[in-house]
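**Q** One structure coming up, written as structure tokens, with questions to follow.
Residue numbers (the UniProt record's numbering): 1 to 312.
Listed below in structure tokens is the structure:
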């Protein structure tokens, strides 16, 4: 049994209760304890008539009371711990993931505008937490519109021996992240689900010429697809060896990576994407445009995996 907990952030909203159910299932699969955290936005010391006298009492928190009632009568593992915190959720939630195996929260909470697709606290947690963060969207998101008309070159046939919805992972063939691939394979193994790797390459290629310049030679799309698949297969080989029980297929597709992953999320159990590694000249944590677009529009839960620490 893992000693690192799965942390579920709650705020009393229906979105957070859906995320709680996802976290409960994830903790059971990992044989890990579940820690349920509620961050009170406004601290007692912000009210002049109230004298703060220590940390908040989780037994006197109405949001946690609702969660206890929601979980009443559940039997079996995992062990559940409740925690009430005071402060800014966008700061404290990423800190709650420092010692966690996984941090799970809804795409939006109680505050903010109803039209927002992704709340600021969910965005901050996905960007700043040290552990993988799973954001659970509202039901029906991304299913009301018809799928975009995208070409399907390079798609392998679906494995017939593993029914059910797949875990989908994005692979950047030019700069793959081992932590993202390792998480995707491990999650597929935990769920007994097939794994679909989406490796997108830009097509059609955009070329810019100045007056008088000669046009570049034509580029064969089949050659680009073949090279992308060869790179992807090389990166995936060690993960296939570590998880022979996982049926993984690679889809090499032309076009926008974010659009391909959002489309794949319509039939996915989970979409796994990576987070940008810190750079020397840009030390702040960065989300990445593809990851942010998937968080905003995916129909399935999205796992954002922090990059593996650089080797010395």
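Even glycine gets a Cβ: it sits at the ideal position worked out from N, Cα and C.
Based on Cα-Cα distance, which residue from 121, 252, 60 lies nearest to residue 87?
**A** Taking the first residue of the chain shown as 1, we reach residue 87 at position 87. Considering only alpha carbons, the answer is 121.
**Q** Decide yes or no for the touch test of the segment 260–267 against the segment 219–234: beta carbon pairs closer than 8 Å, at least 3 of them.
**A** The segment 260–267 is not in contact with the segment 219–234.
**Q** Could you tell me the distance, in whole angstroms, from the CA atom of residue 195 to the CA atom of residue 241?
**A** Taking the first residue of the chain shown as 1, we reach residue 195 at position 195. Taking the first residue of the chain shown as 1, we reach residue 241 at position 241. Looking at the two C-alpha atoms, the distance is approximately 14 Å.
**Q** With a 10 Å radius around its C-beta and 16 neighbouring C-beta atoms as the bar for buried, classify residue 36 as buried or exposed.
**A** Taking the chain shown and counting its residues from 1, one reaches residue 36 at position 36. Buried is the call here.
**Q** Would you call residue 175 buried or exposed, if buried means 16 or more other Cβ atoms sit within 10 Å of its Cβ?
**A** Your numbering for residue 175 matches position 175 in the chain shown. Classification for residue 175: exposed.
**Q** Identify, in the order they occur along the chain, each residue of the same chain with its Cβ nearer than 6 Å to the Cβ of residue 133, setting aside the five sequence neighbours on each side.
**A** Along the chain shown, read from residue 1 onward, the residue named residue 133 stands at position 133. Counting only Cβ-Cβ distances below 6 Å, and skipping sequence neighbours, we find 103, 125, 126, 304.
**Q** As a quick exercise: from 188, 201, 71, pick the residue whose alpha carbon is nearest that of residue 249.
**A** Here residue 249 refers to the residue found at position 249 when the chain shown is read from its first residue. Taking only the C-alpha atoms, the option nearest residue 249 is 188.
**Q** Please determine, among 300, 7, 185, 257, the residue with the shortest C-alpha to C-alpha distance to residue 269.
**A** As a working note, residue 269 is residue 269 in the chain shown. The candidate whose alpha carbon is nearest that of residue 269 is 300.
**Q** State the Cα-Cα distance for the pair residue 79 and residue 105, rounded to the nearest angstrom.
**A** As a first step, residue 79 is located in the chain shown; it is residue number 79 there, counting from the start. As a first step, residue 105 is located in the chain shown; it is residue number 105 there, counting from the start. In a straight line, the C-alpha of residue 79 is about 19 Å away from that of residue 105.
**Q** Can you give me the start and stop residues for the alpha helix (DSSP H) that residue 262 sits inside?
**A** The residue labelled residue 262 in the question sits at position 262 within the chain shown. That run of the alpha helix (DSSP H) goes 257–264.
**Q** CB-CB under 8 Å to residue 30, same chain, minus the five flanking residues each way: which ones, in chain order?
**A** Reading the chain shown from its first residue, position 30 is the one you call residue 30. Excluding positions up to five away in sequence, the list reads 2, 6, 101, 102, 190.
**Q** Specify the secondary structure class of residue 356 as computed by DSSP and reduced to three states.
**A** Missing from the structure shown is residue 356; the chain here goes from 1 to 312 and no further.
**Q** Mapping DSSP to helix, strand and coil, what is residue 63?
**A** Taking the chain shown and counting its residues from 1, one reaches residue 63 at position 63. Reduced to three states, the DSSP call for residue 63 is helix.
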